[in-house]
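Residue numbers (our numbering): 22 to 305.
Below: one structure, written as structure tokens.
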Amino acid sequence: MSTRMQRIELKAFLRARRAALAPEAVGLPRGQRRLTPGLRREEVAALADVGLTWYTWLEQGRQINVSAAALARIARALALSSSDEAYLFALAGLTRPEPAPARIQVPAPILGMIERYQGPAFVLDPLFDLLAYNRYADFLFDFEAVRGPFSRNHVWNAFMHPPRRVLYQPHFMRSAANLVAIFRMSHAAHPDDPRFDDLVETLVQTSAEFAGLWEQQETAPLSALELPLYDARLGHFCVHSTRLPIRDGQADGATVFCFVPADPASAACFTRLVERVDEAALPA
Numbered sequence: 022m023s024t025r026m027q028r029i030e031l032k033a034f035l036r037a038r039r040a041a042l043a044p045e046a047v048g049l050p051r052g053q054r055r056l057t058p059g060l061r062r063e064e065v066a067a068l069a070d071v072g073l074t075w076y077t078w079l080e081q082g083r084q085i086n087v088s089a090a091a092l093a094r095i096a097r098a099l100a101l102s103s104s105d106e107a108y109l110f111a112l113a114g115l116t117r118p119e120p121a122p123a124r125i126q127v128p129a130p131i132l133g134m135i136e137r138y139q140g141p142a143f144v145l146d147p148l149f150d151l152l153a154y155n156r157y158a159d160f161l162f163d164f165e166a167v168r169g170p171f172s173r174n175h176v177w178n179a180f181m182h183p184p185r186r187v188l189y190q191p192h193f194m195r196s197a198a199n200l201v202a203i204f205r206m207s208h209a210a211h212p213d214d215p216r217f218d219d220l221v222e223t224l225v226q227t228s229a230e231f232a233g234l235w236e237q238q239e240t241a242p243l244s245a246l247e248l249p250l251y252d253a254r255l256g257h258f259c260v261h262s263t264r265l266p267i268r269d270g271q272a273d274g275a276t277v278f279c280f281v282p283a284d285p286a287s288a289a290c291f292t293r294l295v296e297r298v299d300e301a302a303l304p305a
């Protein structure tokens with residue numbers, strides 16, 4: 022699209038979105054003498070905290086200086102959707118700043134729960150980045166052993182950290198397929214978080230196994246799963262991987278993963294795990 026056409030499209034787009042937004046939707050009275058079907062230019066300018074003349078020139082498609090911050094305020098004033106905002110930035114010839122992902126804070130009661138749980142438990146954010154874990158989970162996963170930009174990511178480590186692959190034997194690909202399938206659901210639920218695309222693109226380039234599973238387009242719910250595991254110190258055992266989504270303002274989207282023994286032999290493995298970890302934690 023030529024620069025001239027961009028200005029024409031920008032003019033039409035802003036006018037259409039202004040006309041489509043009822044004043045009541047932004048807390049303004051309609052009044053008796055309103056001639057426009059939507060907002061007036063001066064109302065958009067006031068809501069966006071920009072000058073009326075400047076906004077008028079922008080809507081007229083004139084060649085003026087436009088900052089990303091001012092354009093973002095206009096997008097909010099017009100209640101634009103994510104795709105509409107991206108289109109507005111493209112028409113203005115600007116790069117849309119990616120929103121910083123909200124930092125999830127695990128509530129203290131959840132931290133206390135996993136600390137006191139007599140088995141492996143950990144918390145992942147929607148990207149499957151590690152937020153918290155107890156010492157029993159660390160015994161199995163050795164979370165701090167990995168370095169690099171994706172060192173905290175559960176999906177990355179499943180495919181790229183060799184000891185983690187051993188833990189999921191003898192059915193690594195079955196476990197990995199379920200992990201990728203529930204990760205795909207989380208990815209779809211967070212389309213504006215650029216971290217998902219960075220992780221997926223890097224994994225597709227570096228792991229043929231991940232790339233193959235990703236191409237299958239499989240999805241799976243975030244529900245409990247029977248998971249065979251292997252640890253050289255404990256042997257083979259089987260757990261119910263129980264997933265508990267957190268519903269809290271500070272941690273919406275995060276999930277607690279708790280391992281529950283699936284049979285008596287696995288329960289005996291858990292007892293040995295707890296004894297070994299607790300003994301190692303005793304002061305010398």
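All C-beta atoms in this analysis are idealised placements derived from N, C-alpha and C, irrespective of residue type, glycine included.
From a predicted model like this one, the values you see are computed outputs, not experimental measurements.
Where residue i and residue j are concerned, what is the direct C-alpha to C-alpha distance, given to the nearest angstrom?
i      : j      : result
Ala96  : Arg28  : 17 angstroms
Leu246 : Ala198 : 12 angstroms
Arg83  : Pro58  : 24 angstroms
Leu145 : Ser172 : 13 angstroms
Asp299 : Gly169 : 30 angstroms
His192 : Pro304 : 38 angstroms
Leu151 : Pro266 : 14 angstroms
Glu296 : Glu165 : 21 angstroms
Pro147 : Asp273 : 9 angstroms
Ser196 : Leu243 : 13 angstroms
Met206 : Phe231 : 15 angstroms
Val167 : His175 : 11 angstroms
Ala158 : Ala289 : 16 angstroms
Ala91  : Asp70  : 8 angstroms
Ala153 : Ala129 : 11 angstroms
Arg61  : Leu220 : 44 angstroms
For residue i, does the count of other Cβ atoms within 10 angstroms reach 16, so buried, or fall short, so exposed?
i      : result
Asn86  : exposed
Glu80  : buried
Ala187 : Reading off the sequence, residue 187 comes out as Val, not Ala. Val187 comes out exposed.
Leu42  : buried
Asp214 : buried
Pro212 : exposed
Ser103 : exposed
Ser287 : buried
Ala66  : buried
Glu275 : For the sequence presented, residue 275 should be read as Ala rather than Glu. Classification for Ala275: buried.
For residue i, which residues in the same chain have their Cβ closer than 7 angstroms to its Cβ, ignoring the five residues on either side in sequence?
i      : result
Glu63  : Leu73
Trp78  : Ile85
Glu136 : Asn155
Gly114 : Gln27
Could you check which residue in the options has the C-alpha nearest to that of residue i?
i      : options                        : result
Gly270 : Ile125, Arg264, Ala158, Phe278 : Ile125
Phe291 : Arg25, Gln139, Arg36, Arg54    : Gln139
Phe278 : Ile131, Ala67, Ser103, Val221  : Ile131
Tyr189 : Arg51, Thr240, Leu248          : Leu248
Arg39  : Pro128, Ser103, Asn155, Leu68  : Leu68
Asn178 : Thr227, Pro242, Leu112, Ala66  : Thr227
Pro184 : Ala66, Tyr251, Val201          : Tyr251
Ser23  : Ser196, Ala111, Ala302, Ala210 : Ala111
Ala241 : Ala202, Glu222, Ala232         : Ala202
Arg254 : His261, Leu294, Ala286         : Leu294
Leu109 : Lys32, Leu56, Asp284           : Lys32
Arg36  : Gly52, Tyr76, Arg55            : Tyr76
Gly233 : Glu30, Ala129, His261, Met194  : Met194
Pro285 : Glu106, His261, Ala275, Ala301 : His261
Pro141 : Glu106, Cys259, Val127         : Cys259
Looking only at its chain, what residues have a beta carbon closer than 6 angstroms to the beta carbon of residue i, apart from the 5 residues adjacent to it on each side?
i      : result
Thr263 : Ala245, Cys279, Val281
Ala93  : none
His257 : Tyr251
Arg216 : Leu148
Rounded to whole angstroms, how far is the Cβ of residue i from the Cβ of residue j, which I believe are closer than 8 angstroms?
i      : j      : result
Leu224 : Phe162 : 18 angstroms between Cβ atoms; not a contact.
Ala46  : Ala100 : 7 angstroms
Phe204 : Phe149 : 6 angstroms
Taking CB distances under 8 angstroms as the criterion, tell me whether residue i reaches chain C.
i      : result
Gly274 : The structure shown has no chain C; it contains just one protein chain.
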